[in-house]
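Only one structure is covered here, and it is reproduced in the block below.
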Amino acid sequence: MQLRKNLLNQILNQKPDLFIGVDAPDFNFWIERQLKKKGIPVIHYVSPSIWAWRGNRLRKIKKSVDHMLTIFPFEKNIYSKANIQATFVGHPLAEMIPLYSNKKKAQDKLKIIKATKVIALLPGSRQGEVTWHAQLLIDSATEISKRIRDVKFLVPLPTRETYDIFSKTLFKNTHAELDIQLLVGHASDAINAADLVIVASGTATLETALYKKPMIVIYKMSSISWQILKRMRYLPFVSLPNILLNKFIVPELLQSDATSDNISSKAIEILKNAPYRKNLLIQFTKIHHQLKQNTSDRLSKVILKFIK
Numbered sequence: 000m001q002l003r004k005n006l007l008n009q010i011l012n013q014k015p016d017l018f019i020g021v022d023a024p025d026f027n028f029w030i031e032r033q034l035k036k037k038g039i040p041v042i043h044y045v046s047p048s049i050w051a052w053r054g055n056r057l058r059k060i061k062k063s064v065d066h067m068l069t070i071f072p073f074e075k076n077i078y079s080k081a082n083i084q085a086t087f088v089g090h091p092l093a094e095m096i097p098l099y100s101n102k103k104k105a106q107d108k109l110k111i112i113k114a115t116k117v118i119a120l121l122p123g124s125r126q127g128e129v130t131w132h133a134q135l136l137i138d139s140a141t142e143i144s145k146r147i148r149d150v151k152f153l154v155p156l157p158t159r160e161t162y163d164i165f166s167k168t169l170f171k172n173t174h175a176e177l178d179i180q181l182l183v184g185h186a187s188d189a190i191n192a193a194d195l196v197i198v199a200s201g202t203a204t205l206e207t208a209l210y211k212k213p214m215i216v217i218y219k220m221s222s223i224s225w226q227i228l229k230r231m232r233y234l235p236f237v238s239l240p241n242i243l244l245n246k247f248i249v250p251e252l253l254q255s256d257a258t259s260d261n262i263s264s265k266a267i268e269i270l271k272n273a274p275y276r277k278n279l280l281i282q283f284t285k286i287h288h289q290l291k292q293n294t295s296d297r298l299s300k301v302i303l304k305f306i307k
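End of the sequence shown sits at 307 in numbering that gives the first Met the number 0; the numbers just go up one at a time, nothing left out.
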C-alpha cells in the first residue's frame, strides 16, 4: 500500500494531462481512482476478466477509469451496458503470431526428428497449476503412448521453479516409457510444433487457437476453490476459444472430468477426426482475423481525444 501511495504522489507531482494504466488491475485501479478524483483523465489498457469470474468489479472500474481499452470484442458491450466508455483495440498476440504458421520449422528448431505425432502438454504458468496438473498429464501421456506409436510429448515450463516441479513428478514415474522433452520457455515453439495441445485453461488456449492447433482444455484445483468459482462464474465456457465463438468448439475437461482416461480418449478421437480438425482451422482463422486489428492506430485515436 505504501508503494502505491508513493507512486501516486510522484504522479500527482508531475501534474499529468492523462494517465494510462496497463493491466495489473489490483494494483492500478486504486491509483487510477485517486487520480480520477483529482480530475486527471484515466485510460486503462487490458480489462480484467469481468466476463469470467468477477463481473461485480464493474462498479469499482467505473469509479476508477474514464475509458477502457479492451483486447476482446465482446468486452466493449459489457462496459457499454454499465455506462463505461470502452474501445476494442485488438489483441497483441494476434499481431505477433502469423496467420499461417510453419510447423516443420518449429519442429526443426526443437530438433524433433522421428515422431508420428507431436503433442504439447501445457500444465499452466503458476507453480500451483503445475503441481495440480503434472501427474494428470504424465498419466494421460502414458495412456496415449500405448495407442500411438512414436508419439513425442513437449512440455514447456515458464520458469525454472515450474520445470523442477514437473521434472520431479516425472522422475517418480520411472515406469512410464515416454518420449517426453521438458523445456524452459519455448511455449510458442512447442505449440507450433504440435499436432495436438493439451492445455490448462488460460491465455495459452488463445495462443493455441491462433496457431490453429487442435486442443483439449483441462483444469483442476481444490474442491473448495472449485465450488467458489462455480458460484461466481456466469458463462458456460472457461476457455477463450469457446468464449470468443460463443459455442463449444474445443473440449473442456474440468475438475472431476479431468482424468487421464477422458483426456487420452479425447486426444485419440481428435487425432483420428480430420473433418473436425479442418473445421477448427476455419474457426480459429476467424478468431485470428477478429482479434488482429491495427492496435497502435486504435490506441492513438482514443488517446488523442483526451489530450487535445
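By construction, the Cβ of each residue, glycine as well, lies at the ideal position given by its N, Cα and C atoms.
Contacting residues, own chain, Cβ-Cβ under 8 Å from residue i (five flanking each side not counted)
i, result
"T204", "V198, M214, V216, S238, L239, P240 and V249"
"I70", "V45, S46, F87, V88, G89, H90, P91 and L290"
"V129", "P122, G123, L156, T161, I164 and F165"
Residue i - partner residues in DSSP beta bridges
i, result
"V154", "L181"
"T284", "Partner(s): none; T284 has no beta bridge."
"Y44", "V21 and L68"
"A199", "I217"
Buried versus exposed call for residue i [16 or more other C-beta atoms within 10 Å across all chains shown]
i, result
"T202", "exposed"
"M95", "exposed"
"S200", "buried"
"K75", "buried"
"T115", "exposed"
"M0", "exposed"
"F28", "buried"
"V117", "buried"
"K113", "exposed"
"G20", "buried"
"V150", "buried"
"I83", "buried"
"S295", "exposed"
"I223", "exposed"
Sequence-distant residues of its chain with Cβ nearer than 7 Å to residue i (five each side left out)
i, result
"D16", "I306"
"A81", "L57 and K61"
"I137", "T168, L169, N172 and A175"
"I49", "R56, L57 and I77"
"I262", "S139, I197, I215, I217 and L252"
"A102", "The question names Ala, but residue 102 is Lys in the sequence shown. Taken in chain order, the residues that qualify are N191 and A192."
Three-state secondary structure (DSSP) of residue i
i, result
"M95", "helix"
"V21", "strand"
"Q292", "coil"
"E251", "strand"
"V301", "helix"
"F87", "strand"
"I217", "strand"
"A257", "coil"
"A193", "coil"
"I267", "helix"
"I223", "helix"
"I30", "helix"
"I306", "helix"
"I242", "helix"
"D163", "helix"
"F170", "helix"
Check: residue i C-beta below 6 Å from any heavy atom of the ligand MG
i, result
"N5", "Only the bare structure without any ligand can be found here, which leaves the ligand MG out of the picture."
Any C-beta of chain B under 7 Å from that of residue i
i, result
"S124", "Annotation note: the requested chain B is absent from the structure, which comprises a single protein chain."
Proximal residues to residue i (C-beta, below 6 Å), its chain only, five neighbours per side dropped
i, result
"A119", "L153, A189, I190, A193 and V196"
"Q106", "A192"
"F18", "L34, I39 and V41"
"I329", "Here the chain covers residues 0 to 307 and nothing more, so residue 329 does not appear."
"Q134", "T168"
"F283", "A208 and K211"
"Q186", "Note on residue identity: the sequence assigns Ala, not Gln, to residue 186. Counting only Cβ-Cβ distances below 6 Å, and skipping sequence neighbours, we find P155."
"D22", "V45"
"L303", "none"
> Can you give, in chain order, each stretch of the alpha helix (DSSP H) that sits fully within the region 46-82 and has at least 4 residues?
Replying inline: Along the length of the region 46-82, whole alpha helix (DSSP H) runs at least 4 residues long occupy 57-63 and 72-80, reported in chain order.
> Hey, which unbroken runs of the alpha helix (DSSP H) at 4 residues or more fall wholly within the region 103-150?
Replying inline: The qualifying runs are 126-146.
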